[in-house]
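Student: There's a structure below that I have some questions on.
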Amino acid sequence: MIIRGLARRPSAFQSTAAASSRIPSFARSIYTVPTLANHVDLQQRGIPGLLTPKGFKVAYTDYQQHMIDELNESTAGTQFENQDTKSLVIEFAREPTKAYAFNIASMAFNNHFFFRGINTSPDVQSRPSSDLEMQIKQDFSSKDTLRETFLATAEAMFGPGFVWLVQTDDTHVGGLRILPTYLAGSPLSGAHYRRQAHDLNTHNTDSYQALNKVGTFGAAAKQSNGPKKPLGGVDVVPLLCVNTWQHVWLHDYGVKGKRQFLEAWWDKIDWDMVRQNTTLSPRKSQGSRQFHYE
Numbered sequence: 641m642i643i644r645g646l647a648r649r650p651s652a653f654q655s656t657a658a659a660s661s662r663i664p665s666f667a668r669s670i671y672t673v674p675t676l677a678n679h680v681d682l683q684q685r686g687i688p689g690l691l692t693p694k695g696f697k698v699a700y701t702d703y704q705q706h707m708i709d710e711l712n713e714s715t716a717g718t719q720f721e722n723q724d725t726k727s728l729v730i731e732f733a734r735e736p737t738k739a740y741a742f743n744i745a746s747m748a749f750n751n752h753f754f755f756r757g758i759n760t761s762p763d764v765q766s767r768p769s770s771d772l773e774m775q776i777k778q779d780f781s782s783k784d785t786l787r788e789t790f791l792a793t794a795e796a797m798f799g800p801g802f803v804w805l806v807q808t809d810d811t812h813v814g815g816l817r818i819l820p821t822y823l824a825g826s827p828l829s830g831a832h833y834r835r836q837a838h839d840l841n842t843h844n845t846d847s848y849q850a851l852n853k854v855g856t857f858g859a860a861a862k863q864s865n866g867p868k869k870p871l872g873g874v875d876v877v878p879l880l881c882v883n884t885w886q887h888v889w890l891h892d893y894g895v896k897g898k899r900q901f902l903e904a905w906w907d908k909i910d911w912d913m914v915r916q917n918t919t920l921s922p923r924k925s926q927g928s929r930q931f932h933y934e
């Protein structure tokens with residue numbers, strides 16, 4: 641099963657977990673499941689029009705708790721236990737031997753980001769602000785075109801992952817773009833070191849040396865003021881995402897219900913949250929935007 645494959649703890653982290661078992665329990669609960677807006681109502685009623693209470697429990701309550709439990713086990717007693725998940729994603733992306741820790745931190749971040757972007761107020765119909773809609777028209781010609789392109793991209797993904805709407809910091813083209821990431825992949829620019837041709841979950845500290853071309857062991861990191869992102873990487877800010885992992889939609893929509901789930905999700909986007917993540921300041925004379933990471 642795919643979830644078990646993602647969640648298996650390699651031997652390097654088994655030793656960490658064994659050592660952490662000797663740490664007092666109060667030191668092992670650093671990470672907790674983030675509370676969502678209207679969280680109590682969501683637990684009782686689900687997300688009307690999108691997920692039943694059982695569907696919500698599986699997709700958020702249970703799965704997020706699973707990622708949090710694994711994250712606590714993997715970071716307890718280390719220098720990483722007090723860092724937010726976004727920082728962990730970037731940190732672990734630069735460490736080739738921490739593929740497992742990267743996966744769980746990235747999934748914790750991605751899944752929470754997905755649910756944060758959902759409008760959970762049944763009496764409120766969210767719409768893009770006028771300036772955001774103008775940017776959508778500039779980059780996709782219309783909101784309908786964005787919708788069809790976005791949903792078609794997500795529907796066509798053969799396998800689990802996320803599809804993101806991002807804002808780029810590219811002085812030549814700039815604007816909004818659609819970005820798919822597979823499995824626990826991250827859209828964060830600083831996490832692009834994780835691109836590699838080998839699954840380092842299957843390697844130990846002795847065997848990865850010849851394979852490594854990335855992260856803290858790579859040449860770029862030896863620079864005294866090394867880049868915060870891989871060379872050639874493009875700065876992007878994630879604005880919204882949809883989770884295409886089967887456990888999110890299978891319970892409520894069935895084996896053939898992925899498209900129905902995607903359409904229901906689109907109608908539940910919290911465009912106010914998208915706007916908060918977006919920087920739509922006028923271009924400078926050089927034609928660049930300024931981005932602010934949360």
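My numbering numbers the first residue of the sequence shown as 641 and each following residue consecutively.
In this text, a Cβ means the ideal position worked out from N, Cα and C, and glycines have one as well.
Kindly indicate the opening and closing residues of the alpha helix (DSSP H) around residue 744.
Tutor: On the sequence shown, residue 744 is found 104 positions in, with the first residue counted as 1. Residue 744 -> alpha helix (DSSP H) spans 739 to 756.
Student: Candidates 712, 817, 800 and 700: which alpha carbon is nearest residue 777's?
Tutor: For the purposes of this step, residue 777 is taken as residue 137 along the sequence shown, with counting starting at 1. For residue 777, the nearest C-alpha among the options comes from 817.
Student: What's the call for residue 830, buried or exposed, on a 16-neighbour Cβ count within 10 Å?
Tutor: Start at 1 with the first residue of the sequence shown, and residue 830 comes out as number 190. It is buried - the Cβ of residue 830 has at least 16 other Cβ atoms within 10 Å.
Student: Might you give, ordered along the chain, the residues of its own chain that have their beta carbon closer than 7 Å to the beta carbon of residue 698, omitting 5 neighbours on each side?
Tutor: Taking the sequence shown and counting its residues from 1, one reaches residue 698 at position 58. 887 and 891.
Student: Residue 707: which of 679, 747 and 693 sits nearest, CA to CA?
Tutor: The residue you call residue 707 lines up with position 67 of the sequence shown. It is 747 whose Cα lies nearest to the Cα of residue 707.
Student: Would you mind reading off the limits of the alpha helix (DSSP H) that contains residue 806?
Tutor: Numbered from its first residue, the sequence shown carries residue 806 at position 166. Per DSSP, residue 806 belongs to no alpha helix (DSSP H); it is in the beta strand (DSSP E), 801 to 808.
Student: Between the alpha carbons of residue 882 and residue 675, how many angstroms are there, rounded?
Tutor: Locating residue 882 in the sequence shown gives position 242, where the first residue counts as 1. Locating residue 675 in the sequence shown gives position 35, where the first residue counts as 1. Each residue's alpha carbon lies about 19 Å from the other.
Student: Determine, for residue 730, whether the minimum Cβ-Cβ distance to residues of chain D falls below 8 Å.
Tutor: The structure shown contains no chain D, having only a single protein chain.
Student: Taking 8 Å as the threshold (C-beta atoms), are residue 723 and residue 701 in contact?
Tutor: For the purposes of this step, residue 701 is taken as residue 61 along the sequence shown, with counting starting at 1. For the purposes of this step, residue 723 is taken as residue 83 along the sequence shown, with counting starting at 1. Not a contact, by the Cβ cut-off of 8 Å.
Student: Terminal residues of the continuous alpha helix (DSSP H) containing residue 685?
Tutor: On the sequence shown, residue 685 is found 45 positions in, with the first residue counted as 1. Segment 679 to 685, the alpha helix (DSSP H) holding residue 685.
Student: Leaving out five residues on either side along the sequence, give the residues of the same chain with a beta carbon under 6 Å from the beta carbon of residue 804.
Tutor: As a first step, residue 804 must be located in the sequence shown, where it is residue number 164. Cβ neighbours of residue 804 within its own chain (closer than 6 Å, five residues either side excluded): 819, 827, 878 and 881.
Student: Is the separation between the beta-carbon of residue 690 and that of residue 908 shorter than 8 Å?
Tutor: Residue mapping note: residue 690 aligns to position 50 of the sequence shown, counting from 1. Residue mapping note: residue 908 aligns to position 268 of the sequence shown, counting from 1. A contact, by the Cβ cut-off of 8 Å.
Student: So, at 6 Å on beta carbons, what are the nonlocal neighbours of residue 780 in its own chain, with the 5 sequence-adjacent residues on each side left out?
Tutor: On the sequence shown, position 140 is the one that residue 780 refers to. Within the same chain, residue 780 has close Cβ partners 786.
Student: Note down the Cα distance separating residue 759 from residue 910, rounded to an integer number of angstroms.
Tutor: If you number the sequence shown from 1, residue 759 lands on position 119. If you number the sequence shown from 1, residue 910 lands on position 270. So the two alpha carbons sit approximately 4 Å from each other.
Student: Classify residue 740 as buried or exposed, calling it buried when 16 or more other Cβ atoms lie within 10 Å of its own Cβ.
Tutor: As a first step, residue 740 must be located in the sequence shown, where it is residue number 100. Flag for residue 740 reads buried.
Student: Cα separation between residue 771 and residue 716?
Tutor: For the purposes of this step, residue 771 is taken as the residue at position 131 of the sequence shown. For the purposes of this step, residue 716 is taken as the residue at position 76 of the sequence shown. Cα to Cα, residue 771 sits roughly 44 Å from residue 716.
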